[in-house]
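Asks: For the sequence shown, full-length UniProt numbering begins at 1 and goes up steadily by one. Have a look at the structure that comes next, please.
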Amino acid sequence: MIPPIANNFVAGETAPGALDHVASLNDDDVKGILNLLGEHYDERQPADEDADQYIELIEEIDKSGLDCCISVKPSQIGLDVGDDVFVENLERIVAVGDNHDVFVWVDMEDYTTTDVTLDAYERLVTEHEGGVGVCTQANLKRTPEDLERLAPLPGKVRLVKGAYSEPKEVSYKKKERVNEAYRDCLELMFEEFEGGVAVGSHDPAMIDHAKELHDEYGTDYEVQMLMGVRDDEQRDLAAEGVPMWQYIPYGDKWFSYFYRRVRERKENALFAVRAVLS
1 MIPPIANNFV AGETAPGALD HVASLNDDDV KGILNLLGEH YDERQPADED ADQYIELIEE
61 IDKSGLDCCI SVKPSQIGLD VGDDVFVENL ERIVAVGDNH DVFVWVDMED YTTTDVTLDA
121 YERLVTEHEG GVGVCTQANL KRTPEDLERL APLPGKVRLV KGAYSEPKEV SYKKKERVNE
181 AYRDCLELMF EEFEGGVAVG SHDPAMIDHA KELHDEYGTD YEVQMLMGVR DDEQRDLAAE
241 GVPMWQYIPY GDKWFSYFYR RVRERKENAL FAVRAVLS
């Protein structure tokens, strides 16, 4: 059962296979965000090796001419080994991305990693005058304050609802409250951000809300969805002229990717089942 399901959500095990998938998306005006699977390394060697693979991927994207960028997880490039290892590897990746004009997204993991991730992002996006983006999570109570901090910076910010099961002291737990927080954060971003807003959501209500906010404030925005989720809607949005990006995992660690996602929250398992059935 796993391999057929994985094929819906993972673009193969190699970079060439993932780039082929991006090429097919580009034919329908959908752009790609490539993520090499791997996370929570507790030794430096695999973290350095994955950082090297991202650097090679950036070079291949540049050669291909595809409309594509990358997204990296802090724990994949050394955060669990040490803050300095994460920052050093991220610096290497961002510098090569800058040289090849390939955008670099930094994913956000659980709440304990928020400060070091935002600190690294703020410094690098300032040094490179853009070319870098970071993810924020609406279910965290601190996020509006974080967005105020990020608003003046030249990079992009992706807003997601949040996939991690965080302590109630730092996060909203009820679905309705998370949705309310997401809408409020979106409005703050459309009102105060000049570099554009990345709407990381599969929720039609949130995407419609983003369209309304765009009409009100005129702020540029894009929509980002996972590979394998509402693929037809992704193409429909692109056809309407909405900048549409698909987040595309690939690599040989696909099994641990699904296992971890399902274990994090029961909602993740239900979400995957609904996506496959639809």
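Glycine included, C-beta positions come from ideal geometry on N, C-alpha and C.
Confirm, please, whether the CB-CB distance from Lys161 to Val178 is below 7 Å.
Replies: For this step, residue 178 is matched to residue 178 along the sequence shown. For this step, residue 161 is matched to residue 161 along the sequence shown. Yes, Cβ-Cβ distance for Val178 and Lys161 is below 7 Å.
Asks: Mind the definition here: the stretch 139-154 touches the stretch 63-78 only if three or more C-beta pairs lie below 8 Å; say whether that holds.
Replies: These segments do not touch.
Asks: Helix or strand or just coil, what does DSSP make of Ala11?
Replies: The residue you call residue 11 lines up with position 11 of the sequence shown. Ala11: coil per DSSP, three-state reduction.
Asks: Compute the beta-carbon to beta-carbon distance between Gly155 and Gly130, rounded to the nearest angstrom, for a pair I have assumed lies under 8 Å.
Replies: Here residue 155 refers to the residue found at position 155 of the sequence shown. Here residue 130 refers to the residue found at position 130 of the sequence shown. That pair is a contact at about 6 Å.
Asks: Which value, in whole angstroms, describes the spacing of the CA atoms of Thr136 and Val170?
Replies: For the purposes of this step, residue 136 is identified with residue 136 of the sequence shown, where counting begins at 1. For the purposes of this step, residue 170 is identified with residue 170 of the sequence shown, where counting begins at 1. Taking the straight line joining both Cα atoms gives about 14 Å.
Asks: Who are the Cβ neighbours of Val30 in its own chain at under 7 Å, not counting the five residues just before and after it?
Replies: Position 30 of the sequence shown, counted from the first residue, corresponds to residue 30. Correct list, in chain order: Gln234, Arg235, Ala238, Met244 and Gln246.
Asks: So, using beta-carbon positions, are Pro167 and Thr117 closer together than 7 Å?
Replies: Sequence index remark: in the sequence shown, residue 167 carries index 167 (1-based). Sequence index remark: in the sequence shown, residue 117 carries index 117 (1-based). Against a cut-off of 7 Å, the Cβ pair of Thr117 and Pro167 comes out as no contact.
Asks: Would a C-beta distance cut-off of 7 Å place Thr219 and Val197 closer than the cut-off?
Replies: For the purposes of this step, residue 219 is taken as residue 219 along the sequence shown, with counting starting at 1. For the purposes of this step, residue 197 is taken as residue 197 along the sequence shown, with counting starting at 1. Yes.
Asks: Taking only the alpha-carbon atoms, compute the straight-line gap between Ile248 and Tyr217 and give it to the nearest angstrom.
Replies: Numbered from its first residue, the sequence shown carries residue 248 at position 248. Numbered from its first residue, the sequence shown carries residue 217 at position 217. Cα-Cα distance, rounded: 30 Å.
Asks: In angstroms with no decimal places, state the Cα-to-Cα distance between Tyr250 and Met189.
Replies: Position 250 of the sequence shown, counting from 1, holds the residue named residue 250. Position 189 of the sequence shown, counting from 1, holds the residue named residue 189. C-alpha separation (whole angstroms): 30 Å.
Asks: Looking only at its own chain, which residues have a Cβ that is under 8 Å from the Cβ of Gly17, when we skip the five neighbours before and after it?
Replies: Taking the first residue of the sequence shown as 1, we reach residue 17 at position 17. Around Gly17: Ala11 and Tyr250.
Asks: Do you know offhand how far Thr14's Cα is from Lys63's?
Replies: Along the sequence shown, read from residue 1 onward, the residue named residue 14 stands at position 14. Along the sequence shown, read from residue 1 onward, the residue named residue 63 stands at position 63. About 17 Å.
Asks: Using CA atoms only, rank isn't needed, just tell me which of Val132, Asp215 and Val87 is closest to Ile70.
Replies: Position 70 of the sequence shown, counted from the start, is the residue given in the question as residue 70. It is Val132.
Asks: Any idea what DSSP makes of Thr136, helix, strand or coil?
Replies: Locating residue 136 in the sequence shown gives position 136, counting from the first residue. DSSP places Thr136 in strand when its eight states are reduced to three.
Asks: Compare the beta carbon distance of Gly228 and Asn8 with 7 Å and say whether it is the shorter of the two.
Replies: If you number the sequence shown from 1, residue 228 lands on position 228. If you number the sequence shown from 1, residue 8 lands on position 8. Yes, the Cβ-Cβ distance between Gly228 and Asn8 is below 7 Å.
Asks: Over the uninterrupted alpha helix (DSSP H) stretch that includes Gly200, give me the two end residues.
Replies: By 1-based counting over the sequence shown, the position of residue 200 is 200. Not the alpha helix (DSSP H): Gly200 falls in the beta strand (DSSP E), residues Val197 to Gly200.
Asks: According to DSSP, simplified to helix, strand and coil, what is Met206?
Replies: Here residue 206 corresponds to residue number 206 of the sequence shown, with the count starting at 1. The answer is helix: DSSP assigns Met206 an H, G or I state.
Asks: May I ask which residues mark the beginning and end of the alpha helix (DSSP H) holding Ser64?
Replies: Here residue 64 refers to the residue found at position 64 when the sequence shown is read from its first residue. Counting along the chain, the alpha helix (DSSP H) containing Ser64 begins and ends at Arg44 to Ser64.
Asks: So, for Ala151: in the same chain, excluding its five sequence neighbours on each side, which residues have a beta-carbon less than 7 Å away from its beta-carbon?
Replies: Counted from its first residue, the sequence shown places residue 151 at position 151. So the list reads Glu192 and Phe193, once near-sequence residues are dropped.
Asks: Among His128, Leu153 and Ile61, which has the Cα closest to the Cα of Val102?
Replies: Counting from 1 along the sequence shown, the entry for residue 102 is found at position 102. The shortest Cα separation from Val102 among His128, Leu153 and Ile61 belongs to Ile61.
Asks: Who are the Cβ neighbours of Leu124 in its own chain at under 8 Å, not counting the five residues just before and after it?
Replies: The residue given as residue 124 occupies position 124 in the sequence shown. Leu90, Glu91, Val94 and Val132.
Asks: Would you mind sorting Ala47 into buried or exposed? The rule is 16 or more other CB atoms within 10 Å of its CB.
Replies: Numbered from 1 along the sequence shown, position 47 holds the residue referred to as residue 47. When all chains shown are included, Ala47 counts as buried.
Asks: Keeping to the same chain, check which residues put their C-beta closer than 7 Å to that of Glu43; ignore five residues upstream and five downstream.
Replies: Residue 43 sits at position 43 when you count from the first residue of the sequence shown. Closer than 7 Å at the Cβ level, and outside the excluded window around Glu43, lie Val81.
Asks: Among the candidates Glu59, Val72, Gln45 and Asp50, whose CA atom is the shortest distance from the CA of Leu19?
Replies: Indexing the sequence shown from 1 puts residue 19 at position 19. Among Glu59, Val72, Gln45 and Asp50, the Cα nearest to that of Leu19 belongs to Glu59.
Asks: With a Cβ-Cβ cutoff of 7 Å, do Ala120 and Val87 count as a contact?
Replies: Here residue 120 corresponds to residue number 120 of the sequence shown, with the count starting at 1. Here residue 87 corresponds to residue number 87 of the sequence shown, with the count starting at 1. Yes, the pair counts as a contact, with Cβ atoms nearer than the cut-off.
Asks: Would Val22 and Leu57 be called neighbours here (beta carbons separated by less than 7 Å)?
Replies: Working through the sequence shown from its first residue, we reach residue 22 at position 22. Working through the sequence shown from its first residue, we reach residue 57 at position 57. Not a contact, by the Cβ cut-off of 7 Å.
Asks: To the nearest whole angstrom, what separates the beta carbons of Ile207 and Trp105, a pair I think is in contact under 8 Å?
Replies: On the sequence shown, position 207 is the one that residue 207 refers to. On the sequence shown, position 105 is the one that residue 105 refers to. Wrong, their Cβ atoms sit about 19 Å apart, outside the cutoff.
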